[in-house]
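Heads up, the thing below is written out as structure tokens.
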Amino acid sequence: MANHVTKAVIPAAGLGTRFLPATKAMPKEMLPVVDKPAIQYVVEEAVAAGLHDVLMVTGRNKNALENHFDRNAELEDTLEKKGDTDRLQKVNYSTSLADLHYVRQGDPKGLGHAVLRAKMHVGREPFAVLLGDDIIDSRDDLLQHMLDVQHRYNATVVALMEVPRESIHLYGAAAIEETGDDDVVRITGLVEKPDADKAPSNYAIIGRYVLRPEVFDVLERTEPGRGGEIQLTDALQSMAQAPDWTGGVYGVVFRGRRYDTGDRLDYIKAIVQLAVDREDLGPELRPWLEGLRRRPPRRAARDPGRDADRRG
7 MANHVTKAVI PAAGLGTRFL PATKAMPKEM LPVVDKPAIQ YVVEEAVAAG LHDVLMVTGR
67 NKNALENHFD RNAELEDTLE KKGDTDRLQK VNYSTSLADL HYVRQGDPKG LGHAVLRAKM
127 HVGREPFAVL LGDDIIDSRD DLLQHMLDVQ HRYNATVVAL MEVPRESIHL YGAAAIEETG
187 DDDVVRITGL VEKPDADKAP SNYAIIGRYV LRPEVFDVLE RTEPGRGGEI QLTDALQSMA
247 QAPDWTGGVY GVVFRGRRYD TGDRLDYIKA IVQLAVDRED LGPELRPWLE GLRRRPPRRA
307 ARDPGRDADR RG
């Protein structure tokens, strides 16, 4: 069943609580990274890998996601009358980027439940899942590599990254075996957010997957796990232990540039790094950053939210 992958699923129903109050009325996926919302980087990555059929799994108050990729005739007309062809091209680019579809998750029952909502759209063929929080630098071809590995092994493939042992509790952790292929491993077990002393390795799952459709059958039988949610990691653990009918699970070890835009500090790093690397911004930004580095540190600004938590 080595079907060619044509569809991508992007779960984007999370509440974005780490960015409150900014995400009270705006989806976290719409937070700008330089001059594009984070979600557009993810869609562009799918398209660059040849996946033009994109299903976005959204939730309440996520209409801005659909609006961003939809036509805005009034804006387009205004830019055209002004002769602002550069901005007009950018607006039109996001509109025609992919064949986008949307489905609501409804209840926030976890990543596994969000993926299960894609069953009717995907059907019985392998598909990619890209988490809306994770940006993979466009100069690193992680997704294409994963698609190649999926085709070669006819298996489910997840992206792995080595992290410090003390940070593994923030991720799903994988037990692995070497395959003989560079940066490709076979996964024999998975644990969702384990304590450091109980983790099978420091290989962490990051937000890219290429899944065989058997994952839907497994997810439908998966009981809520950590946090009372249906965990995709738990379903992948079941698939890794039943390779005869699921094809097993393999990992591609990623050693490139990844930005977790769901984390405040990493979000700031993503903006700075991507801006520094741009020809239109880097030449002026780099000297400013160097001057900032030499400037003596100031007293940290107060966080009103933290004060409110302290009073509460």
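If you count the sequence shown from 1, you need to add 6 to reach my numbering. C-beta atoms are modelled at their ideal positions from N, C-alpha and C, and glycine is treated no differently. Quick caveat: nothing in here was measured; it's all calculated off a predicted structure.
Rounded separation between residue i and residue j - CA only
| i | j | result |
| --- | --- | --- |
| LEU176 | ASP92 | 41 Å |
| MET7 | GLY268 | Unreliable placement is indicated for MET7, whose pLDDT of 44 sits below 50; the coordinate value is still reported in the next sentence. Those two C-alpha atoms are separated by around 35 Å. |
| ASP139 | ASN73 | 19 Å |
| ASP1 | LYS96 | Since the first and last residues shown for the chain are 7 and 318, residue 1 lies out of range. |
| VAL155 | ALA55 | 13 Å |
| PHE222 | GLY231 | 17 Å |
| ASN98 | LEU106 | 14 Å |
| ARG158 | ASP187 | 11 Å |
| ARG66 | LEU238 | 22 Å |
| LEU153 | VAL255 | 13 Å |
| ASN69 | MET36 | 10 Å |
| LEU103 | PHE75 | 8 Å |
| THR12 | VAL163 | 15 Å |
| GLY22 | ARG227 | 28 Å |
| ASP272 | ASP266 | 6 Å |
| GLY20 | ALA179 | 22 Å |
| VAL121 | VAL109 | 11 Å |
| LYS30 | GLN111 | 19 Å |
| ARG270 | GLY234 | 25 Å |
| HIS10 | HIS58 | 13 Å |
Proximity test, Cβ basis, 8 Å: residue i and chain C
| i | result |
| --- | --- |
| ARG227 | Considering every chain present, this structure includes no chain C. It has just one protein chain. |
Coil, strand or helix - residue i by DSSP
| i | result |
| --- | --- |
| LEU271 | helix |
| MET32 | coil |
| LEU27 | Note that residue 27 is Pro in the sequence shown, not Leu. PRO27 falls in the coil class under three-state DSSP. |
| THR91 | helix |
| ALA124 | coil |
| VAL53 | helix |
| GLY318 | Confidence at GLY318 is low in this model, with a pLDDT of 48, below 50, so the placement of that residue is unreliable and no value is reported for it. |
| GLU86 | helix |
| LYS96 | helix |
| MET7 | Here MET7 scores only 44 on pLDDT, less than 50, and its place in the model should not be relied on; the value that follows carries that caveat. Here MET7 sits in coil by DSSP. |
| ALA14 | strand |
Distance cut-off 7 Å: residue i Cβ against heavy atoms of the ligand NAD
| i | result |
| --- | --- |
| ARG227 | Ligands in the displayed structure: none, and consequently the ligand NAD is not present. |
Which residues DSSP lists as bridging residue i, in chain order
| i | result |
| --- | --- |
| ASP266 | ASP140 |
| TYR108 | MET62 |
| TYR209 | GLU168 |
| PHE222 | Beta-bridge pairing links PHE222 to no other residue. |
| GLY195 | ALA181 |
| LEU217 | PHE133 |
Supposed close pair residue i, residue j - CB separation, criterion 8 Å
| i | j | result |
| --- | --- | --- |
| LEU71 | GLU82 | About 19 Å; that fails the 8 Å criterion. |
| GLY253 | ASN160 | 5 Å |
| LEU280 | VAL53 | So it is not a contact: roughly 18 Å between Cβ atoms. |
| ALA241 | VAL224 | 4 Å |
| GLY262 | LEU149 | Between LEU149 and GLY262 the Cβ distance is about 11 Å, and since that is not below 8 Å, they are no contact. |
| ILE174 | PRO200 | 7 Å |
| ALA14 | ALA202 | Not quite, the Cβ-Cβ distance comes to about 33 Å (not below 8 Å), so this is no contact. |
| LEU137 | PRO303 | At roughly 34 Å, the Cβ-Cβ gap does not stay under 8 Å, so LEU137 and PRO303 are not in contact. |
Exercise. Between the segment 201-213 and the segment 275-288, do three or more beta carbon pairs fall short of 8 Å?
Worked result: As far as the Cβ criterion goes, the segment 201-213 does not touch the segment 275-288, which means the pair count is below three.
Exercise. Counting Cβ pairs closer than 8 Å, one from the segment 164-171 and one from the segment 124-132, do we hit at least three?
Worked result: With a cut-off of 8 Å, the segment 124-132 and the segment 164-171 do not count as touching, because too few Cβ pairs lie within range.
Exercise. When the Cβ atoms of the segment 26-46 are set against those of the segment 111-121, are three or more pairs found closer than 8 Å?
Worked result: No, the segment 26-46 does not touch the segment 111-121.
Problem set entry | Cβ pair count under 8 Å reaching 3, the segment 245-259 against the segment 190-199 | With three or more CB-CB distances shorter than 8 Å, the segment 245-259 counts as touching the segment 190-199.
Problem set entry | the segment 135-154 contacting the segment 35-51, beta-carbon criterion three pairs below 8 Å | Touching, per the Cβ criterion.
Problem set entry | Cβ contact check for the segment 286-301 and the segment 55-65: 3 or more pairs under 8 Å | With a cut-off of 8 Å, the segment 55-65 and the segment 286-301 do not count as touching, because too few Cβ pairs lie within range.
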